[in-house]
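First up is the structure itself, then whatever we jot down about it.
Numbering (the numbering used here), first residue to last: 10 to 191.
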């Protein structure tokens, strides 16, 4: 085989392929130890680190009162704007997980992601059998998002469509609260 004007034998070609695969593996899974990349002759021996899952609890979280459910929500973006996601967890007065959500929401600012997380909590609550049976509490660490949901006229004009949607969702829930938490 000829490569860049040089003749390569089979072993040299295999070495080039190994290097390219090693670079790809290191780019895809940066936590793979370099000595594992040398095991490319036996790829089944390479250990790919698993994503670390969150412990499933929020430190300092207090259970809501009986007859109440609490959605803890969060939104974040990598940049302003940047790739963003939202997530949340709904728990009852016994601390039982009832609903979880997590999804990508595109390239947006973090404040918009926080608003979308709050909106998603209302949407999911409205589609659940808990509607009209429980008081909904939505907790967010976004002071801006909570303020805009509680005082829609203070929201920036560029987010009025989201705020108006949240307003229409709030009108469908008999008893609700949106609270800022640290």
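Just so it is clear, CB atoms sit at the ideal spot from N, CA and C, and this is done for glycine as well.
DSSP beta-bridge partners of residue i
i, result
"residue 77", "144"
"residue 136", "DSSP output for residue 136 lists no bridge partner at all."
"residue 110", "97"
"residue 154", "For residue 154, which the question treats as bridged, DSSP gives no partner whatsoever."
"residue 87", "92"
"residue 186", "146"
"residue 115", "93"
"residue 82", "97, 149"
Local Cβ density within 10 Å of residue i, reported as buried at 16 or more and exposed below that
i, result
"residue 73", "buried"
"residue 154", "buried"
"residue 28", "exposed"
"residue 26", "exposed"
Beta carbon of residue i nearer than 9 Å to that of residue j
i, j, result
"residue 113", "residue 89", "no"
"residue 99", "residue 137", "yes"
"residue 190", "residue 127", "no"
"residue 2", "residue 97", "Given that the chain is displayed from residue 10 to residue 191, the structure contains no residue 2 and the question cannot be resolved."
"residue 110", "residue 185", "no"
"residue 145", "residue 108", "no"
Contacts around residue i, its chain only, beta-carbon distance under 7 Å, and the 5 residues preceding and following it disregarded
i, result
"residue 161", "172, 176"
"residue 143", "76, 77, 78"
"residue 106", "98, 100"
Cutoff 6 Å; reference residue i; Cβ partners in own chain excluding five residues on either side
i, result
"residue 183", "141"
Cβ shell of residue i (< 8 Å), same chain only, five flanking positions each side left out
i, result
"residue 168", "120, 121, 124, 157"
Does the segment 116 to 136 come within contact of the segment 92 to 101, defined as at least 3 CB pairs closer than 8 Å?
yes
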